[in-house]
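Single-structure report; data block below.
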Amino acid sequence: MLMIKSNLPIILIGFMGSGKTTIGQEFAQLNDLTFVDLDRYIVETMNLSIPEIFERYGEKEFRKIELKSLKEVIKKYDIIATGGGIVESERSLNYLNSINHPIIWIDAPFDTLYTRIKNDKNRPNAFGQNYNTVKNLYFKRYSRYNEIAFIKLSSNIPFDRTLNELNQFINADDQY
Numbered sequence: 011m012l013m014i015k016s017n018l019p020i021i022l023i024g025f026m027g028s029g030k031t032t033i034g035q036e037f038a039q040l041n042d043l044t045f046v047d048l049d050r051y052i053v054e055t056m057n058l059s060i061p062e063i064f065e066r067y068g069e070k071e072f073r074k075i076e077l078k079s080l081k082e083v084i085k086k087y088d089i090i091a092t093g094g095g096i097v098e099s100e101r102s103l104n105y106l107n108s109i110n111h112p113i114i115w116i117d118a119p120f121d122t123l124y125t126r127i128k129n130d131k132n133r134p135n136a137f138g139q140n141y142n143t144v145k146n147l148y149f150k151r152y153s154r155y156n157e158i159a160f161i162k163l164s165s166n167i168p169f170d171r172t173l174n175e176l177n178q179f180i181n182a183d184d185q186y
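Quick note: to get the numbering used here, add 10 to the position in the sequence shown (first position is 1).
See the structure below:
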């Protein structure tokens, strides 16, 4: 796979469990690019898990840390997988709207996402929540993802097809 370097970094957004990290890691590896998962970066920087950060500082403070971290990694990495809630913060949303980098929304049907995340203790906005609560959160974020994404890719198709579609988008000459 060949790629146009001027498009970098590429930012992957989408709900929890959509496959941003898996797709981003594989795409980066296939194209000899650097990759970072923003939540993992925050965990390593803070030396606390995401649930611990939520518990200790609250979600509002976490969103400030998330934006600060995004601004750091955007200068260092080629492919960035954000956390699903990055669109919860107006400041992060405005920042993502203002940058001139491809923002790709990775999505799947809600039932698929819910199955992937419902028992994951590292997702404080989903773990222990009932189906309807998580579904409401998904639909609250849905329009925000749609607002800032340049394209939307499905992770509910064969993995290699998702990677192929991402590659075709990145290598298209007429996107800007």
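All residues carry an ideal CB built from backbone N, CA and C; glycine is no exception.
Rounded to whole angstroms, the gap between the alpha carbons of serine 108 and lysine 30 is 21 angstroms.
Sequence-distant partners of leucine 22 (beyond 5 residues in either direction) whose C-beta falls short of 6 angstroms from its own C-beta, in its chain, are Lys30, Gly34, Ala91, Ile114 and Ile116. Between the alpha carbons of arginine 151 and alanine 182 lies a gap of roughly 28 angstroms.
For alanine 91, the enclosing beta strand (DSSP E) starts and ends at 89–91.
Cβ-Cβ separation between threonine 55 and tyrosine 87: approximately 14 angstroms, too far for a contact (criterion under 8 angstroms). Within the stretch 68–119, the complete alpha helix (DSSP H) segments at least 4 residues long are 69–83 and 100–108, listed from N- to C-terminus. Relative to arginine 50, the option among Lys128, Phe37, Thr32 and Leu40 whose CA is nearest is Thr32.
In the three-state reduction of the DSSP assignment, leucine 18 falls in the coil class. Taking methionine 26 as reference, the option from Gly68, Phe72, Phe160 and Lys128 with the minimal CA-CA separation is Lys128. Its chain contains Pro134 as the residues whose beta carbon lies nearer than 6 angstroms to that of proline 61, once the 5 sequence neighbours on both sides are disregarded; these appear in chain order.
Rounded to the nearest whole angstrom, the CA to CA distance from valine 144 to phenylalanine 169 is 25 angstroms.
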